[in-house]
Amino acid sequence: MEEIPMDPYDFRDIESRWKPHWQRLGLYLTGTEAGKRPFYCLDFFPYPSGAGLSVGHCKNYVPTDVISRKRKMEGYNVLHPMGWDAFGQPTEEYAIRTGIHPSLVTRKHTDTYRRQMKLIEAGYDWEREIDSSDPSYYRWTQHFFLLLFDRGLAYQDESDIWWCPECKIVLSNEEAAGGQCWRCEKDVTRKRMNQWYFRITSYADRLLDDLEGLDWPEGIKAMQRNWIGRSEGARLTFMVGAPDGQDLPMPVYTTRVDTIYGATFCVISPEHPLVGRITTRDRMAEVAAYIEGARLKSNRERMAASEKQKTGVFTGAFAINPYSGERVPVWVADYVLMDYGTGAIMAVPAHDERDHQFARSYGIPIIEVVAPGGVPQGVEEKATVADGVLINSGPFDGLGSDRARARMTAFAEEKGFGTREVNYRIHDWMVSRQRYWGAPIPIIHCERCGAVPDRNLPVVLPEVDSYEPDDTGRSPLARVEAWLRTKCPECGGPARRDTNTMAGFACSSWYFLRFASPHEEDRPFDPEAVRYWLPVDLYVGGAEHAVMHLIYARFWTKVMYDAGLVSFTEPFSVLRNQGMILGADGQKMSKSKGNVVTPDEMVERYGADALRLYILFIGPFGADLAWNEEGIAGTFRFLRRLWRLCLESGAAGGEAEEGDRRDPELAFHLASTLRKVSEDMDGFQFNTAVAALMEFVNFLVSRSAGLEGNSGLRETLKQLLVLMAPMTPFISEELWHRLGFAESDEDSVHLQPWPLWREQDLALERMEMVVQVAGKVRARMSVPSGSTEEEIRGAALAQERIVELLGGREPARVIVVPGRLVNIIPGR
RNA sequence: GCGAGAGUGGCGGAAUCGGCAGACGCGCCAGAUUUAGGAUCUGGUGGGGAGACCUGUGGGGGUUCGAGUCCCCCCUCUCGCACCA
-7 MEEIPMDPYD FRDIESRWKP HWQRLGLYLT GTEAGKRPFY CLDFFPYPSG
43 AGLSVGHCKN YVPTDVISRK RKMEGYNVLH PMGWDAFGQP TEEYAIRTGI
93 HPSLVTRKHT DTYRRQMKLI EAGYDWEREI DSSDPSYYRW TQHFFLLLFD
143 RGLAYQDESD IWWCPECKIV LSNEEAAGGQ CWRCEKDVTR KRMNQWYFRI
193 TSYADRLLDD LEGLDWPEGI KAMQRNWIGR SEGARLTFMV GAPDGQDLPM
243 PVYTTRVDTI YGATFCVISP EHPLVGRITT RDRMAEVAAY IEGARLKSNR
293 ERMAASEKQK TGVFTGAFAI NPYSGERVPV WVADYVLMDY GTGAIMAVPA
343 HDERDHQFAR SYGIPIIEVV APGGVPQGVE EKATVADGVL INSGPFDGLG
393 SDRARARMTA FAEEKGFGTR EVNYRIHDWM VSRQRYWGAP IPIIHCERCG
443 AVPDRNLPVV LPEVDSYEPD DTGRSPLARV EAWLRTKCPE CGGPARRDTN
493 TMAGFACSSW YFLRFASPHE EDRPFDPEAV RYWLPVDLYV GGAEHAVMHL
543 IYARFWTKVM YDAGLVSFTE PFSVLRNQGM ILGADGQKMS KSKGNVVTPD
593 EMVERYGADA LRLYILFIGP FGADLAWNEE GIAGTFRFLR RLWRLCLESG
643 AAGGEAEEGD RRDPELAFHL ASTLRKVSED MDGFQFNTAV AALMEFVNFL
693 VSRSAGLEGN SGLRETLKQL LVLMAPMTPF ISEELWHRLG FAESDEDSVH
743 LQPWPLWREQ DLALERMEMV VQVAGKVRAR MSVPSGSTEE EIRGAALAQE
793 RIVELLGGRE PARVIVVPGR LVNIIPGR
């Protein structure tokens, strides 16, 4: 018999054939069928950089694509959109260097991203594509700015803000976390400037409390709690004697009022306005030098230095402890921060490690006032931080820390020198940027009327000659005289536009709403569409936005809720973070390290299906893993094995015949694979889902010779192809058609319902069990399913090897776990 | 220091309502096949032992018929935050 040579697996041919077909079918258009439940699957809003996508980005886009496809097959209307967070610096920097307009640069970059996303067949509904730098989008970003403004949540203030000398841009606290610029990782410095802020602090409690109900990674929730940093304590006023004879109030914030009788000094931040007024003449020079030294140090130098040794200088002034009436020295030290609490503290060296370290350095007395469990611990060597029973605390002696705090705060309120206070680490969101490539802040400054909203939106970015910010930190917009000069909308008098643009995080704080109805012209979104699709059912992206985008978007959503614009208070019900794909060298992929792998080269060599499958298979979804090209070769081999299996054994099948018997083993393996793959995909365990598919194909290959022509095999292959369709769309479609499963040319494997397993197929007639003696496996046996424990026990004891090992002894004990094992404990 | 998570073959990783450790893949070894091919096929692959077996999930204790999984102590690593009063 002569073998007819089979077509080889030619992924290029297959890809080029099905792409236009699916395009015609409108496979990726958003579901609109009445009566179906919605599923909104969203990827983090990407910033289109010039480098294009690496395979690392695919670790985000392939899994969301797989889930979206599966949900569609399960009968959901699916919304899976894509768009561009296009405003931002790198584009602007590029424009500065080349003179090419940022919008053209953006266009070039987004074209690349879109092309690459199509290359890996990420099934986005491109009819809903949005671009945050397009006036049709940013007019609504401006609209929401005004919503915040109107609600008293946007304001201007002059204060010290973070400045990145490298990027030449101001940064919000979130963007400067850890003293480093979020984009270039260089140290940030301080600069005093007038800026726009959003009052996110007035939402701090809600942002904290609502974390509770979110299905988000614990780590992200913890980071947000930490960032919000709510603490409960008291604000207490110490009176400080100034050299001019006046008594000046110096409020301090503390969470440990209970330790106040142990306050042996006070510390005030070098930036504190009071420093200049309370320092005595003889201390002036030393204090001034210290302040200057602190100012010149970068924040991180300051932190690093004082970790080793805390420094400070005495101001010469004394403060009065409002409880004890005691007079304590006031020091200036840079371990006290100006932007937390009141910028001044009462220092209790006995019960605070930092104060302890400082007191030891400068020989300040340490007085123990809290005894944990009623037993004084001794505090000369080490501070006691735990709560306990108050001692040396006058009328409050004997109280527990908890009751003491309540009692002592009440006392302060009664006497008028203090009050209960809640403090937060989070600060208001500094949102203005002195940059060109952003959404202009729609405010007009009028000498008569002040800051007036410009409701004539959009305020379009004017054309400029150069995009560079100038040395004073002024925006390039400040140089466009014709644009700058305008009329006050209130009084009609001459006025000037605000020259700031908004940080990119403003644009991404509402984009998930725009996708619900991206073409609305008269409003940011259609409330009906938003009601149907939102909140987002599944949100996937990297962990690096924990306290930036994810907290800002939550804030805007709550503001919109308060304004009655949306009916939910949280935008993202379920959040998952994908891990990173590192270069083959285990390092972060970067151009400079030369270890970047692009989807382009992988698709060229192995095809989109093999790449997608390897991305899913490489390891756990959330883990950081090194790229390995041998690995993708493995998934490629797997696909070829599938190809051969289907065309060799499946094609011969034909229609089911009456006489075909169901093969119970085949049915069992199919059912358990369907179950395993379905459950693993829902649980984001794509790696084990792929492993189960490989295992099943291995099984089929080993059995296929015996099953050729059996309609059970054909039915099995049919279901297998449907099961694989979300992961490997091309080969699944091709084989589906080749095996003749399509009802018409317009049919598609992607339009099939998600396959369900039959519970009864999982029940086998016999079960394999292990027989242990003293916990060690000594024999294997097969018993009928549904055997009683007694029967299993009998069968186990009758095993030849077991009889031999027992050598006539009676078993002392026999443990039977049906379906698993029998453990025999021999008698002596 | 605080918070989150993790330590399993040569490698990525499976298996945690306690029940055959190492699924699946890579790599490696042997064989088959091909003129050659990122090819394919078959078998093997934690360590020790010729073998029956012994041993093995960061280390040490414990609970249990049985522990990678539960409890106690210790060590290491990754990530995030870090003088927040």
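For the record, in the first sequence the residue sitting at position 813 is 805 according to my numbering, with numbers rising by one throughout. Glycine included, each C-beta is placed from N, C-alpha and C at the ideal position.
Residues that residue i bridges to, as DSSP identifies them
| i | result |
| --- | --- |
| G225 | E413 |
| V324 | I260, V305 |
| D577 | Bridge partners of D577: none, in fact. |
| E760 | S774 |
| F190 | A146, W421 |
| T493 | R425, P432 |
| M231 | P241, I312 |
| G171 | In the DSSP output, where bridge partners are listed per residue, G171 has none listed. |
| V588 | Paired residue(s): none; V588 is not in a bridge. |
Sub-8 Å separation of residue i and residue j beta-carbons
| i | j | result |
| --- | --- | --- |
| T256 | G308 | no |
| Y53 | R506 | no |
| S500 | D77 | yes |
| V589 | S582 | no |
| A615 | G571 | yes |
| N569 | P209 | yes |
| V566 | Y531 | yes |
| V328 | V232 | no |
| G80 | Y39 | yes |
| F310 | V324 | no |
| C483 | I436 | no |
| E725 | W174 | no |
| L715 | L666 | yes |
Rounded separation between residue i and residue j - CA only
| i | j | result |
| --- | --- | --- |
| P82 | S41 | 7 Å |
| G465 | F230 | 39 Å |
| I807 | R801 | 17 Å |
| C176 | P157 | 10 Å |
| W14 | N815 | 57 Å |
| E405 | R131 | 49 Å |
| N780 | G811 | Note on identity: in this sequence residue 780 is Thr, with Asn being the wrong assignment. About 11 Å. |
| R287 | D326 | 9 Å |
| A443 | N492 | 13 Å |
| L743 | W728 | 12 Å |
| W429 | G675 | 40 Å |
| S670 | T720 | 15 Å |
| G221 | N415 | 8 Å |
| Y116 | D739 | 20 Å |
| G304 | T246 | 20 Å |
| K51 | R4 | 22 Å |
| P364 | K374 | 14 Å |
| G370 | G237 | 39 Å |
| Q826 | L45 | For the chain, the structure presents residues -7 to 820; residue 826 sits outside this window and is missing. |
| G225 | D197 | 15 Å |
| P12 | L19 | 11 Å |
Cβ neighbour criterion (16 or more within 10 Å) applied to residue i
| i | result |
| --- | --- |
| T411 | exposed |
| K407 | exposed |
| H511 | exposed |
| L21 | exposed |
| R120 | buried |
| R440 | exposed |
| A804 | exposed |
| S261 | buried |
| I6 | buried |
| E622 | exposed |
| S641 | buried |
| D207 | exposed |
| I418 | buried |
Where in the segment 368 to 447 do unbroken runs of the alpha helix (DSSP H), each at least 4 residues long, occur, reported from the N-terminal end onward? 393 to 407
Kindly provide the ranges of any alpha helix (DSSP H) runs that are 4 or more residues long and lie completely inside the segment 659 to 699, ordered along the chain. 678 to 699
Entirely enclosed alpha helix (DSSP H) segments - the segment -3 to 75, minimum 4 residues: 3 to 17, 47 to 65
Just to confirm the assignment: which complete alpha helix (DSSP H) runs, minimum length 4, are found wholly within the segment 607 to 649? 621 to 637
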